[in-house]
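Protein chains in written order, with the working numbering: chain A, 1 to 108; chain B, 109 to 216. Cβ coordinates follow ideal geometry from the N, Cα and C atoms, glycine included.
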DNA sequence: AATATTTATTCTACAAAATAGAAAAAATAC
DNA sequence: GTATTTTTTCTATTTTGTAGAATAAATATT
């Protein structure tokens, strides 16, 4: 397969979109909103850890915020490898989808 | 997760692209070419079977051809559910990638 | 100051998907 | 009839994804 699994790609995209607000709970909320699918807690943290181990993401501990509650946030940012992986994913998508009309069902 | 796994999505796209030439070996060649990744034989046939079971694809046995060799080809075509799944996948991709510049690495 | 509530991550057993490639099948070529 | 080619089938193993309880750490409430 390609270098990124599906969940990994979604998470890298979310990290990129969320800039300096990219931590577990926010990433999960964002992806549930965009995909319309319920994603379990593990569905975020498990691949996040994997992405750090693979060095597509770098993690750093957040400072306490004025809001109530919670363990200290663990923020993530893309590494250069992470950026390259996303660029590659985009290239593949564009090739696959390019020039295709809305797919339609040809019965027969 | 979403309704399609990564490999399933790639295969549906390949089936759609290949029209009446969508059978295992061709699908594999096409996806290796587009993704630049080596995909094992199982990496095609295992998800193909799953897609038929899930009714995103319909399979039909091919007639013998003038070319030499091979078991009779098993061709695939999208069902209406398969088309819908692809349309949904496209919608999600467009939302995720829309308006994003080429991702770049912000060190810091 | 206890207790409740909220926000957040960690952990881990289980399920689903992907990988790898040998084996089998079926055809033509020599 | 033996070799070669093209194709699918099969299946054990590894990798990924899922589910959600447990834990942690902060503020709010009484």
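Tell me where the alpha helix (DSSP H) around residue i begins and ends.
i: residue 14 (chain A); result: 6-18
i: residue 134 (chain B); result: 132-143
So which of the options has the shortest CA-CA distance to residue i?
i: residue 116 (chain B); options: B:200, B:190 and B:199; result: B:190
i: residue 60 (chain A); options: A:75, A:67 and A:16; result: A:75
i: residue 28 (chain A); options: B:109, B:175 and B:159; result: B:109
i: residue 159 (chain B); options: B:181, B:188, B:175 and B:202; result: B:188
i: residue 200 (chain B); options: A:44, A:16 and A:34; result: A:34
i: residue 163 (chain B); options: B:173, B:149, B:150 and B:192; result: B:192
i: residue 128 (chain B); options: B:204, B:170 and B:157; result: B:170
i: residue 111 (chain B); options: B:197, B:207 and B:202; result: B:197
i: residue 42 (chain A); options: A:53, A:25 and A:36; result: A:25
Would residue i pass as an interface residue toward chain A - the criterion being a Cβ-Cβ separation below 8 Å?
i: residue 151 (chain B); result: yes
i: residue 142 (chain B); result: yes
Between which two residues does the beta strand (DSSP E) harbouring residue i extend?
i: residue 153 (chain B); result: No beta strand (DSSP E) holds residue 153 (chain B); the alpha helix (DSSP H) holding it covers 150-161.
i: residue 167 (chain B); result: 165-169
i: residue 186 (chain B); result: 182-186
Within 8 Å (strictly less), CB to CB, does residue i reach chain B?
i: residue 46 (chain A); result: no
Got a sec? Which residues, its chain only, sit under 8 Å from residue i by beta carbon, not counting five neighbours each side?
i: residue 155 (chain B); result: 113, 115, 116 and 119
i: residue 13 (chain A); result: 86
i: residue 109 (chain A); result: Given that chain A is displayed from residue 1 to residue 108, the structure contains no residue 109 (chain A) and the question cannot be resolved.
i: residue 23 (chain A); result: 62, 73, 74, 75 and 76
Which same chain residues, not among the five before or five after residue i, have their C-beta less than 6 Å away from its C-beta?
i: residue 166 (chain B); result: 185 and 187
i: residue 44 (chain A); result: 24, 27 and 28
Which same chain residues end up closer than 7 Å to residue i when comparing Cβ atoms and leaving out the 5 residues on each side of it in sequence?
i: residue 31 (chain A); result: 10, 14 and 39
- request: Give, in chain order, every residue of the region 111-128 of chain B whose Cβ lies closer than 9 Å to some Cβ of chain A.
  value: 111, 112, 113, 114, 115, 117, 118, 120, 121, 122, 124, 125 and 127
field: the region 90-102 of chain A: positions lying closer than 8 Å to chain B by Cβ
entry: 90, 92, 93, 95, 96, 97, 100 and 102
message: Please identify, using Cβ separations under 7 Å, the residues of the region 50-76 of chain A that lie next to chain B, in order along the chain.
response: From the region 50-76 of chain A, no residue has a Cβ closer than 7 Å to chain B.
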